[in-house]
Amino acid sequence: MASVLVVEDDQFVRSALIRHLTDAAHTVRSVGTALEALREVAHFRFDLVILDLGLPDLDGSEALKMLRGITDVPVIIATARDDEAEIVRLLNAGADDYLTKPFSVEHLAARMAAVLRRSRAGTGEAPADGVLRVGGLTVDPMRRQAELDGLRLDLTRREFDLLAFLAGRPGVVVPRRELLAEVWQQSYGDDQTIDVHLSWLRRKLGETAADPRYLHTLRGVGVKLEPPAEGVPGGGPVR
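Okay, here's the thing in structure tokens:
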């Protein structure tokens with residue numbers, strides 16, 4: 002079960018969410034404004050935040066940016082907006098998933114379960130010692146730590162999930178659709194979502210798309226992670 006913060010200003014919707022989440026044995030706190038939400042996450046540990054966009058003090062998208070400045074807690078956006086460009090922007094800004102209102106309790110429960118599985122268990126298929134090794138890169142899904150040539154990488158939760166998923170399949174070209182399904186738990190989406198996170202991850206691995214070492218993009222096919230070829234000069238993590 003999880004500790005959940007509900008950020009919703011509509012009292013009817015808020016009460017219904019609290020009731021259903023409590024019935025499912027989750028621990029629930031709730032607020033009606035963005036500033037209250039920021040105070041809550043600063044003082045309490047949550048496993049998940051359900052964030053409405055239409056808040057009275059700040060738009061939920063601005064609240065999401067502020068939340069991401071202080072915590073990596075998973076965030077599910079609850080919105081009446083169904084514009085695809087807006088949804089992609091929110092995912093790129095750090096949202097883990099979204100639900101378009103009105104939604105069923107069953108739909109919410111399924112999305113919550115998927116997000117919580119990713120945040121708690123990590124991804125990747127680890128060997129017996131639990132650590133994935135690709136060249137000078139090591140990824141520990143259990144501890145959610147990654148190192149490059151012995152130096153710790155400072156990764157966001159999503160960057161780590163993406164790296165661990167690819168490290169568990171070294172040398173294998175993973176289709177973008179599979180990345181969206183397994184890392185983002187999305188059945189569809191804009192390739193920009195993946196490209197943005199790959200760009201951030203490449204920077205921290207000390208490489209670029211034009212001069213890759215570990216991350217290789219095959220246009221129109223997918224992405225693979227493999228060790229650098231012998232004799233290729235190494236960069237190192239960028240901090």
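Residue numbering for the sequence shown follows this note's numbering, starting at 2 and increasing by one per position. Beta carbons: idealized from backbone N, C-alpha and C, even for Gly. All figures in this text were calculated on a predicted structure; none of them were measured in a lab.
| query | result |
| --- | --- |
| May I ask you to report which of helix, strand or coil DSSP gives residue 102? | coil |
| Going by DSSP in three states, residue 53 sits in which element: helix, strand or coil? | strand |
| Leaving out the 5 sequence neighbours to the left and right, which residues in its chain are closer than 7 Å to residue 172 when beta-carbon positions are compared? | 225, 227 |
| Go ahead and pull the three-state DSSP assignment for residue 23. | helix |
| Spatial neighbours of residue 97 within its chain, please: C-beta separation below 7 Å, excluding the five flanking residues on both sides. | 75, 76, 77, 116 |
| Helix, strand or coil for residue 82, going by three-state DSSP, please let me know. | coil |
| So for residue 141, helix, strand or coil by DSSP? | strand |
| Return the chain-ordered ranges of every alpha helix (DSSP H) run that is complete within the stretch 181-231 and spans a minimum of 4 residues. | 192-205 |
| Suppose you measure from the CA of residue 139 to the CA of residue 214; what does that come to, to the nearest Å? | 15 Å |
| Alpha carbon to alpha carbon, how far is residue 183 from residue 201? | 19 Å |
| In terms of residues, what are the limits of the beta strand (DSSP E) holding residue 173? | From DSSP, residue 173 is part of no beta strand (DSSP E); its letter is neither H nor E. |
| Provide the residue span of the alpha helix (DSSP H) that contains residue 42, from first to last. | 35-44 |
| For residue 73 and residue 221, I'd like the C-alpha separation in whole angstroms. | 31 Å |
| Grab me the residues of residue 15's own chain with a C-beta within less than 8 Å of its C-beta, minus the 5 sequence neighbours each way, in chain order. | 7, 9, 31, 33 |
| Just tell me which of 157, 187, 149 has its CA closest to the CA of residue 206. | 149 |
| Which word fits residue 13, buried or exposed, when buried means at least 16 other C-beta atoms lie within 10 angstroms of its C-beta? | exposed |
| Please return the same chain residues whose Cβ sits closer than 6 Å to the Cβ of residue 85, not counting the five positions on each side in sequence. | none |
| Is the beta carbon of residue 5 closer than 9 Å to that of residue 22? | yes |
| Using the beta-carbon count (16 or more within 10 Å), is residue 160 buried or exposed? | buried |
| If you follow the beta strand (DSSP E) that residue 156 is in, where does it begin and where does it stop? | First-last for residue 156: undefined, no H or E at that position. |
| Which residues in the same chain have their Cβ closer than 6 Å to the Cβ of residue 186, if we skip the five residues on either side of it in sequence? | 115 |
| For residue 39, which residues of its own chain have a beta-carbon under 8 Å away from its beta-carbon, when the five flanking residues on both sides are left out? | 64, 67, 68, 71 |
| Taking C-beta to C-beta, are residue 174 and residue 133 nearer than 9 Å? | no |
| Leaving aside the five residues before and after residue 59 along the sequence, list all residues of the same chain whose C-beta is less than 8 Å from its C-beta, in chain order. | 34, 35, 36, 67 |
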